[in-house]
Amino acid sequence: MIALNLEHVVFRIMVGLEEHETSANDAAYVILLLITYVSVLLSSLLLAAYGWTVYKYHR
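561 is the number of the first residue of the sequence shown in this note's numbering; add one for each residue after it.
In structure tokens:
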């Protein structure tokens, strides 16, 4: 987000946008938020599954 300078936009989306504050890129920012949340939530599960698979096949 820092490289794309999205912190202000993401903060406004999380707080809530009024009708006159919407822009054409709001859908892209919402998708970025969803991808970020899903990746953070699934990263520990995928890492655990990968570790279990490595342990199972090297045993």
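Think of the CB as a built atom: it goes at the ideal place given N, C-alpha and C, for glycine as much as any other residue.
DSSP state of residue i, grouped into three classes?
i, result
"glycine 576", "coil"
"alanine 584", "coil"
Distance check for residue j and residue i, CA to CA, integer angstroms please.
i, j, result
"phenylalanine 571", "aspartate 586", "12 Å"
"alanine 608", "alanine 584", "39 Å"
"tyrosine 617", "leucine 601", "26 Å"
"tryptophan 612", "isoleucine 591", "31 Å"
"arginine 627", "tyrosine 610", "Outside the displayed span of the chain (561 to 619) sits residue 627, for which this structure offers no information."
Can you check whether the CB of residue j is closer than 8 Å to the CB of residue i?
i, j, result
"isoleucine 573", "tyrosine 589", "yes"
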